[in-house]
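Please read the structure below before turning to the comments.
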Amino acid sequence: MAATLDDILHSHRTRRPVVMGVLNVTPDSFSDGGDFLSPSVAVAQARRMITDGADIIDIGAESTRPGSDRVSPAEQIARLADILPAVTASGAIVSIDTTSADVAAFAFDSGAAMVNDVSAGRDDPAIFALAAERGAALCLMHMLGEPKAMQADPQYDDVVAEVKAFLAGRVDVARAAGVSRERIIVDPGIGFGKKLEHNLALLAGVGELCLLGLPVLVGPSRKRFIDDVANVPMPADRLGGTIAACLAARAGGATIFRVHDVAATVQALKVAAAIDHAGP
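The numbering of the sequence shown is my numbering, which starts it at 13 and goes up by one.
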């Protein structure tokens, strides 16, 4: 049975795995840019992911891949106009992947229940008051710098400690703006201003991030670090690495997994859970 929004927001307590399916309605996303620009194709993909077991559909109309250019709120809304309302009408829990309060407001008006903000409210602080007013779930992600230049030699002294402190600080800002702590999710931002060693350390250190007492979302799907480890240059061929990263993060306490390949991830998480239940 698909998760409810309350199931998702309490998943860190119940350990229920939640799968978030990625739907990019962009021409330039790193893995599937241009694949789902047609409303009919995008809606069909969303329905396919729901059938495959996705609990959330995360729809984005602005690529945040390394080197990407910004897209205006008006253009994002134009890309979403014929797609997002149709997906929410299918009964799915929809998350809007944006840093813009204007785009988030359009999405909420169209039935979305969550905003996934890769800037953690730094791009448009009005997103906090909007989420509070609408009672929406809010995912706050760590990113070092901006997408255009975030991979230009990122540096950390202790990436896990620094990401944890950043997320704790952004949670405090959100709460000060009226967002309920019970509506907040955190994401370490795999691939967003991180080198290989940083991504691996964060996946290994998920347990430390879980000490924030909030659901932890990880998004390793098809990311470049998998190529760095396993020599898989084509993003669509990185399913094995994606599942390995999700299972490692799950072992550390993460409960929300943002992926392109929903069916295989759902299957892996079910088997992992069955093994856990069979143990002593």
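Don't be surprised by glycine CBs; every beta carbon is placed ideally from N, CA and C.
Annotated three-state conformation of A141 is helix, per DSSP.
The beta carbons of L208 and F237 sit about 5 Å from each other, so the pair counts as a contact at 8 Å.
In summary, M246 is exposed, with fewer than 16 beta-carbon neighbours lying within 10 Å of its beta-carbon over all protein chains present.
Counting along the chain, M61 sits inside the alpha helix (DSSP H) bounded by residues 51-63.
Looking only at M153, A132, S75, V55, the smallest Cα-Cα distance to V99 is reached by V55. Counting along the chain, the unbroken alpha helix (DSSP H) around L21 starts and ends at 17-21. The continuous beta strand (DSSP E) containing L35 extends over residues 30-36. Shown here, D135 sits in coil according to DSSP, grouped into three states, outside any helix or strand.
For I197, the uninterrupted beta strand (DSSP E) segment begins and ends at 196-199. For D81, the closest alpha carbon among the candidates P232, P159, I196, I287 is that of P159.
For P200 and P51, the gap between their C-alpha atoms comes out near 31 Å.
Proximity to H289 across L229, R146, R28 peaks at R28, based on C-alpha coordinates. Nearest Cα to D19 within the set T277, I268, A248, V185: I268.
Residue pairing by DSSP puts V228 in a beta bridge opposite V198. Bounds of any beta strand (DSSP E) do not take in R193, whose DSSP letter is neither H nor E. Inter-residue distance for A143 and V274 is about 27 Å (C-alpha atoms, whole angstroms). Here D170 carries a coil assignment [DSSP, helix/strand/coil]. Among the bridge pairs identified by DSSP, F178 is matched with none. In the three-state DSSP reduction, I268 falls in the strand class (E or B). Between V30 and I68, the C-beta gap is smaller than 8 Å, which places the two residues in contact. Annotated three-state conformation of V83 is coil, per DSSP.
Residue burial is scored here from C-beta neighbours: G253 has at least 16 other C-beta atoms within 10 angstroms and is therefore classed as buried. Per DSSP, L223 is not a residue of any alpha helix (DSSP H), being assigned neither H nor E. Counting other Cβ atoms within 10 Å of its Cβ, I287 stays below 16 and is therefore classed as exposed. Per DSSP, A149 is one residue of the beta strand (DSSP E) stretching across 149-153.
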